[in-house]
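Taking it in order: structure first as structure tokens, then the write-up.
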Amino acid sequence: MKFELELSEEELKALFVFLKEKEEELSLPMILLLRKVEQIVFHRYTIDEVESFLQEGKRKS
7 MKFELELSEE ELKALFVFLK EKEEELSLPM ILLLRKVEQI VFHRYTIDEV ESFLQEGKRK
67 S
């Protein structure tokens, strides 16, 4: 089964930050989702940008 999902830029960042923060606790299907989200994020953003919104996400938590 294949689904398509449309996310805004902010939703993508939020999903990525959420999954990264919970990475140690994730089940296998969620880890696979994280890997797919990571591929998209690292294709769209520089490493510096990714680190920046990861830090921003930690401050909001």
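If you're matching positions, the sequence shown starts at 7 in our numbering and goes up one per residue.
All C-beta atoms in this analysis are idealised placements derived from N, C-alpha and C, irrespective of residue type, glycine included.
No experiment lies behind these values; they were computed from the predicted model shown.
query                                                                                                                              : result
I need the boundaries of the alpha helix (DSSP H) containing S58, first residue and last residue.                                  : I53 to K66
Would you kindly report the start and end of the unbroken alpha helix (DSSP H) that includes F6?                                   : Because residue 6 is not part of the residues shown, which for the chain are 7 to 67, the question remains open.
Could you tell me how far apart the beta carbons of K19 and F59 are, in whole angstroms, since I believe they sit closer than 8 Å? : 5 Å
How many Å lie between L25 and P35 at the Cα?                                                                                      : 12 Å
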